[in-house]
Amino acid sequence: MNKTVNINLANTLFHIDDDAYNKLRRYLESIKRSFAGTKGSDEIIADIEARIAELFLEKMENERQVITHKEVDQVIDVMGQPEDYMVDEDIFEDDPKRTYAEPSPKAKKLYRDIDHKYIGGVCAGLEHYLGFDAIWIRIIFILLAVFTSGFGLIAYILLWILVPEAATTSQKLDMRGEPVNISNIERKVKEGFDDVADKVKNVDYEKVGNKVKSSSKTFFDTIGDIILFLFKVFGKFIGILLIIIGASTLIGLFFGLFTVGMFDAVHFPGVDFYEIVNTTGAPVWVVSLLMFFAIGIPFFFVLYLGLKILVNNLKSIGNIAKFTLLGLWLISVGALIALGIRQAAEFSNTGSVHEQDQLVLKNVTDTIVIRMKNPGYEYTRDDIHFGRMSFAYDKDDNRVLISDEVDINVKKAEDSIVSLSIRKDSNGSSSRAARDRAKNIKYGYELSGNAIILDEYLITDVSNKARNQEVTTTIYIPEGRMVQFEESTRYHMGRGIANDKDYYRSSIVGHVWLMGKDGELKCQDCPDEDDDNERDGNGKIIINEDGIDINIKDNKDSFEMKINEDGIKVKAGN
């Protein structure tokens with residue numbers, strides 16, 4: 001097993017085995033000897049080391065990977081051997097003494113060219129990347145800024161912020177699409193020295209022009225610094241906002257879900273709600289934990305992103321932690337989806353049971369009175385509920401489920417006997433399960449003289465859960481018999497009760513009705529339309545909980561419209 005050496009290359013720490021280290025050391029020493037006495041040799045060597053460090057980083061799968069002989073050979077193949085290149089001054093002459101095969105073209109990278117910038121170096125960088133003269137690119141940005149309501153300016157600022165500058169020699173070569181090897185690095189550094197020498201020689205001739213250009217660059221540099229500062233301030237504000245959102249959501253989730261699930265010995269309303277609807281068999285603490293992970297992990301990364309924006313040198317949580325959290329999130333979301341599908345299946349089928357027509361009143365001569373009463377359960381509407389179902393307690397203090405989902409319908413009897421039928425409905429995962437649940441609904445009535453007293457609520461055991469349990473009571477009234485619905489039935493009248501006044505649901509309550517031959521109720525004490533106190537000379541408009549009733553007459557023309565739960569009914573005539 002080879003010994004491992006830690007080296008610092010271009011301010012980057014690498015772990016490298018002993019054989020690979022010796023080869024890399026000999027390679028770097030040969031490069032230094034090749035450039036000994038060369039103008040700018042220190043900068044050339046520094047750029048070469050930086051490029052080698054970049055290549056090592058590209059080949060490493062993680063920061064603890066050890067550089068081996070293989071990686072060193074691959075880097076040397078890219079960079080080339082020192083003896084493969086001419087390092088004498090005549091390499092930059094017009095007629096070199098030796099020729100070399102041109103390397104295959106390399107893809108260019110987009111950088112800002114700060115050496116030839118006027119503002120931020122964006123256009124100069126695009127010149128290298130696109131192959132167009134920078135002057136035309138600048139003109140395009142100006143035209144876009146003028147004729148597109150500032151779009152060109154916004155695009156320029158975004159590129160200025162997002163595109164990095166070509167600061168190192170390697171980046172400048174990448175910007176031009178030239179291979180980053182020893183020869184090109186040396187040439188680029190020497191070109192920099194030659195540019196400086198030329199500028200010194202021509203200082204008198206360029207003094208006036210450079211002064212103007214320098215002034216414009218200084219002005220735009222100042223503007224650029226201000227814009228960058230404002231964007232940094234805005235970025236910090238966004239970071240603070242993300243931290244607040246992430247932290248507050250995590251804290252709320254912890255107390256709202258995790259605490260309820262872990263400490264359900266304390267009576268929380270949310271546990272009651274879960275008990276009403278849940279049929280998956282999953283304990284409340286498991287569902288709470290899954291929801292905590294499914295919702296909390298994304299907001300944790302929102303918090304982490306805010307911290308990254310706010311703290312420049314914030315240490316990463318590491319790939320292991322990231323992938324662990326991702327796995328937990330995927331498992332939680334998948335489990336919640338599976339539980340949700342199973343829960344939704346409980347409402348996929350409807351089952352009904354009918355209790356046969358029951359003899360209620362025989363040979364009735366007085367008006368039949370229909371009223372409702374509480375069957376003796378303690379019930380508070382403000383308690384936690386699912387739809388119209390909630391908890392209640394019977395006389396023995398046993399907890400049950402209670403619902404006021406009870407409707408009353410009226411139909412014409414086929415004989416002279418007042419009777420009623422009760423239909424119970426419920427949902428379930430199958431038709432049989434739904435019917436079994438409907439059979440477990442408790443609902444009753446009692447008689448008192450000529451009065452039929454119906455239960456105001458249906459009752460079922462807590463184990464049956466809330467599954468849209470409903471009861472529909474149909475009362476059959478013989479022809480020619482009177483019936484009156486008391487106030488207690490107001491919110492339980494069913495839809496579509498035929499009557500000669502076209503009253504809808506609760507409007508039927510409080511009046512005396514006669515069952516007609518055609519099965520339509522005839523009102524015996526309703527005010528005549530001409531005497532209706534809600535009518536003026538042209539008609540009436542009634543808006544209440546039952547809907548909208550509009551009746552307008554003008555001489556011989558008339559217009560009627562009713563809007564309620566059954567739909568819209570319009571009638572016009574003359």
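Going by UniProt numbering, 425 is the number at position 425 of the sequence shown; the sequence numbering is gapless. Glycine included, each C-beta is placed from N, C-alpha and C at the ideal position.
Problem - LEU242 classed as buried or exposed, judged by whether at least 16 other C-beta atoms fall within 10 angstroms - result: buried
Exercise for the section: Grab me the residues of GLU127's own chain with a C-beta within less than 6 Å of its C-beta, minus the 5 sequence neighbours each way, in chain order. Expected result: ALA134
Handout entry: Exposure label - ILE31; buried when at least 16 CB within 10 Å
Key = buried
Exercise for the section: Counting only the same chain and skipping the five closest in sequence on each side, list residues whose C-beta sits under 7 Å from that of THR474. Expected result: ASN409, LYS411, LEU420, SER421
Problem - Residue nearest to TYR491 in terms of C-alpha spacing, selected from LYS322, ARG481, ARG505, TRP513 - result: ARG505
Handout entry: Cβ neighbour criterion (16 or more within 10 Å) applied to VAL200
Key = Legend: pLDDT at VAL200 = 40, less than 50; position of this residue unreliable, value from coordinates given subsequently. Counting the other Cβ atoms within 10 Å of the Cβ of VAL200 gives fewer than 16, which makes it exposed.
Exercise for the section: For GLY340, name the three-state secondary structure that DSSP assigns. Expected result: helix
Exercise for the section: Mind checking who GLN484 pairs with in its DSSP beta bridge? Expected result: VAL369, VAL512
Practice task
Whole angstroms is fine: what's the gap from LEU173's alpha carbon to GLY121's?
Solution key: LEU173 and GLY121: Cα-Cα distance of roughly 16 Å.
Handout entry: Residue interval of the beta strand (DSSP E) (run including LYS412)
Key = 406–412
Problem - Cβ contact (3+ pairs, closer than 8 Å) linking the segment 452–465 and the segment 432–441 - result: yes
Problem - ASP518 burial status per 10 Å Cβ neighbour count (16 or more: buried) - result: Result: exposed.
Practice task
Go to TYR118, then tell me how far its alpha helix (DSSP H) extends in each direction, as first and last residue.
Solution key: Premise fails: TYR118 is in no alpha helix (DSSP H) and is neither H nor E.
Handout entry: Collapsed DSSP secondary structure at GLN524 in the structure displayed
Key = GLN524: coil per DSSP, three-state reduction.
Exercise for the section: Enumerate in chain order the residues of its own chain whose CB-to-CB distance from PHE141 is below 6 Å, with the five nearest sequence positions on each side excluded. Expected result: Listed in chain order, the non-local C-beta contacts of PHE141 below 6 Å within the same chain comprise GLY152, TYR156, local neighbours out to five positions each way being set aside.
Handout entry: Segment contact, 8 Å Cβ cut-off, at least three pairs: the segment 335–354 with the segment 422–434
Key = Taking a contact to require three or more Cβ pairs closer than 8 Å, the segment 335–354 and the segment 422–434 qualify as touching.
Problem - Coil, strand or helix - GLU43 by DSSP - result: helix
Handout entry: Boundaries (first-last residue) of the beta strand (DSSP E) holding ARG423
Key = 417–428 is the span of the beta strand (DSSP E), which, as asked, contains ARG423.
Handout entry: Straight-line Cα distance separating ILE119 from LEU55
Key = Going by the C-alpha atoms only, they are around 32 Å apart.
Handout entry: Helix, strand or coil at ASN319 [DSSP, three-state]
Key = helix
Problem - Sequence-distant residues of the same chain with beta carbon closer than 6 Å to LYS59, five excluded per side - result: GLU71
Problem - Identity of the residue in ASP47, LYS108, LEU24, THR367 nearest ASP77 by Cα - result: LEU24
Exercise for the section: Take SER348 as the anchor and find which of PHE300, PRO298, VAL400, ASN427 has the nearest alpha-carbon. Expected result: ASN427
Practice task
Classify LYS3 as buried or exposed, calling it buried when 16 or more other Cβ atoms lie within 10 Å of its own Cβ.
Solution key: Per the 10 Å Cβ criterion, exposed.
Practice task
State the CB to CB distance for the pair GLY246 and VAL302, rounded to an integer number of angstroms; the pair is presumed to be in contact (CB under 8 Å).
Solution key: 4 Å
Handout entry: Reduced DSSP category for PHE14 - H, G, I as helix; E, B as strand; rest coil
Key = strand
Problem - Beta-carbon proximity list for VAL364, same chain, < 7 Å, skipping 5 on both sides - result: VAL418, ASN450, ARG481
Handout entry: Own chain, CB closer than 6 Å to ILE441, minus 5 neighbours either side, in chain order
Key = LYS424, LEU458, THR460, GLN469
Exercise for the section: Just the C-alpha distance for ARG495 and PHE254, rounded to the nearest angstrom, thanks. Expected result: 46 Å
Exercise for the section: Report the residue from ALA107, THR367, ALA294, THR489 whose alpha carbon sits nearest the alpha carbon of ILE337. Expected result: ALA294
Problem - Burial state of ILE331, where buried means 16 or more other Cβ atoms lie within 10 Å - result: Classification for ILE331: exposed.
Practice task
Compare the beta carbon distance of ALA166 and ILE114 with 8 Å and say whether it is the shorter of the two.
Solution key: yes
Problem - Straight-line gap, VAL271 to VAL284 (C-alpha atoms, nearest Å) - result: In this prediction, VAL271 scores a pLDDT of 45, lower than 50, which makes its location untrustworthy; no coordinate-derived value is stated.
Handout entry: For GLN81 and VAL75, the rounded distance between their alpha carbons
Key = 10 Å
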